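Q: For reference, the structure I am asking about is given below.
Numbering (the numbering used here), first residue to last: 4 to 272.
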């Protein structure tokens, strides 16, 4: 494959990468590293272009480059120092891909959906990515990301999800009431995670069509938001710990859903 050699930080092509890395290029995904590049190809996303550092190119990982070229992407080779400037991670992996963001089916939950995660105003994109990664691993059918939440398609969100954001059905931007109404229309009950709930998450029967509602890192879910749910569950804590990071809590809750569904019924802890 032939690469366009660029060594000026002022080049207009590289300015596009910089804007995408700053999450300022609407509709464009900034995918850093071979793993996310491979996921973009598997998902059939349109690849616009990619940049590769001198040192990464010398490793000779020709298969990924050939696939990107076959997808119609323009290949750009740049010095390592320039890759360090464009990368958004401390240790640049040496490959950055710009891909077109797939259109989402806003408001359309998958047919037959019985396990939904509602990420309500989660602020940290790393936490958002972690939630998406766990949601996919636990078998969630869809994730709803409400208004004012971190964008799961930001560079940090994409890295945190390890490609799950590209594979999961995601509904972006509804209000909490809209999300709950859409679930109720499909017979899905809403269960909110709350440290003040009386019922533990393992006591609940997750075999019924369910949506797990998660609140923001700082304030969680307000009393008025909790009232919109059909029930509340908590994670019992030992010692003096009052709560878990929202990503850790989400993982524990979602895998209890997966555990119960894998055995076909609730088992009392």
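For glycine and all other residues, C-beta sits at the position ideal for the given N, C-alpha and C.
Because the structure is a prediction, the values reported are computed rather than measured.
(1) Roughly how many angstroms separate the alpha carbons of residue 80 and residue 204, rounded to a whole number?
(2) Excluding sequence positions up to five away, which residues of its chain have a Cβ less than 8 Å from the Cβ of residue 119?
(3) Check whether the Cβ atoms of residue 40 and residue 48 lie closer than 8 Å to each other.
(4) Is there contact here, the region 81-89 with the region 163-179, by at least three beta-carbon pairs under 8 Å?
(5) Using DSSP's beta-bridge definition, name the partner residues of residue 194.
(6) Can you check whether the CB of residue 97 is closer than 8 Å to the CB of residue 132?
(7) Going by Cα to Cα distance, which pick from 125, 101, 233, 102 is closest to residue 3?
(8) What's the call for residue 86, buried or exposed, on a 16-neighbour Cβ count within 10 Å?
(9) According to DSSP, simplified to helix, strand and coil, what is residue 115?
(10) Tell me which same chain residues have a C-beta within less than 6 Å of the C-beta of residue 128, skipping the five on either side of it?
(11) Quick one: grab the DSSP three-state call for residue 7.
(12) Tell me whether residue 134 is buried or exposed, calling it buried when 16 or more other Cβ atoms sit within 10 Å of its Cβ.
(13) Can you tell me which of the three DSSP states residue 135 falls into?
(14) Cutting at 7 Å between CB atoms, please list the residues of its own chain near residue 63, excluding the five before and the five after it.
(15) Would you kindly work out how many angstroms separate the C-alpha atoms of residue 223 and residue 19, rounded to a whole number?
(16) With distance defined between alpha-carbon atoms, name the residue in 23, 95, 67, 24 nearest to residue 58.
(17) Classify residue 5: buried if its beta carbon has 16 or more other beta carbons within 10 angstroms, exposed otherwise.
(18) Please classify residue 46 as buried or exposed, where buried requires at least 16 neighbouring CB atoms within 10 angstroms.
(19) Among 220, 174, 226, 234, which one has its Cα closest to the Cα of residue 195?
(20) Identify every residue that forms a DSSP beta bridge with residue 98.
(21) Go through the region 15-61 residue by residue and report every complete run of the beta strand (DSSP E) that reaches 3 residues or more, in order.
(22) For residue 207 and residue 260, what's the separation of their Cα atoms in angstroms?
(23) Determine, for residue 246, whether the minimum Cβ-Cβ distance to residues of chain B falls below 8 Å.
(24) Return the first residue and the last residue of the alpha helix (DSSP H) that residue 67 is part of.
(25) In terms of alpha-carbon separation, which member of 141, 136, 188, 150 lies closest to residue 167?
A: Reading from the atomic positions:
(1) Cα to Cα, the separation comes out at about 51 Å.
(2) For residue 119, where only same-chain residues beyond five positions count, the Cβ hits under 8 Å are 112, 143, 144, 145, 146, 147, 186, 191, 213, 214, 215.
(3) For residue 40 and residue 48, no; Cβs fall outside 8 Å.
(4) Output reads no: the region 163-179 does not touch the region 81-89.
(5) 215, 234.
(6) Their beta carbons are not under 8 Å apart, which means residue 132 does not touch residue 97 by this criterion.
(7) Since the first residue shown for the chain is 4 and the last is 272, residue 3 is missing from the structure and cannot be characterised.
(8) Using a 10 angstroms sphere on the CB of residue 86, the tally of other CB atoms reaches 16 or more, which defines it as buried.
(9) Note: residue 115 maps to coil in three-state DSSP.
(10) Here the set comprises 153, 157, 159, 160.
(11) If DSSP states are grouped into helix, strand and coil, residue 7 belongs with the strands.
(12) Classification of residue 134: buried, given that the 10 Å Cβ count is 16 or more.
(13) In the structure shown, residue 135 sits in a helix (DSSP, three-state: H, G or I).
(14) For residue 63, where only same-chain residues beyond five positions count, there are no Cβ hits under 7 Å.
(15) The straight-line gap from Cα to Cα measures roughly 37 Å.
(16) Closest option to residue 58, Cα to Cα, is 95.
(17) Residue 5 is exposed by the Cβ-count criterion.
(18) Counting Cβ neighbours within 10 Å, residue 46 comes out exposed, since fewer than 16 surround it.
(19) Comparing Cα positions, the closest option is 234.
(20) In the DSSP assignment, the residues bridged to residue 98 are 55.
(21) DSSP runs (the beta strand (DSSP E)) wholly in the region 15-61: 31-35, 50-56.
(22) Rounded to whole angstroms, residue 207 to residue 260 spans 9 Å at the Cα level.
(23) Chain labels in this structure do not include chain B; a single protein chain is all it has.
(24) Note, residue 67: alpha helix (DSSP H), 65-73.
(25) Taking only the C-alpha atoms, the option nearest residue 167 is 136.
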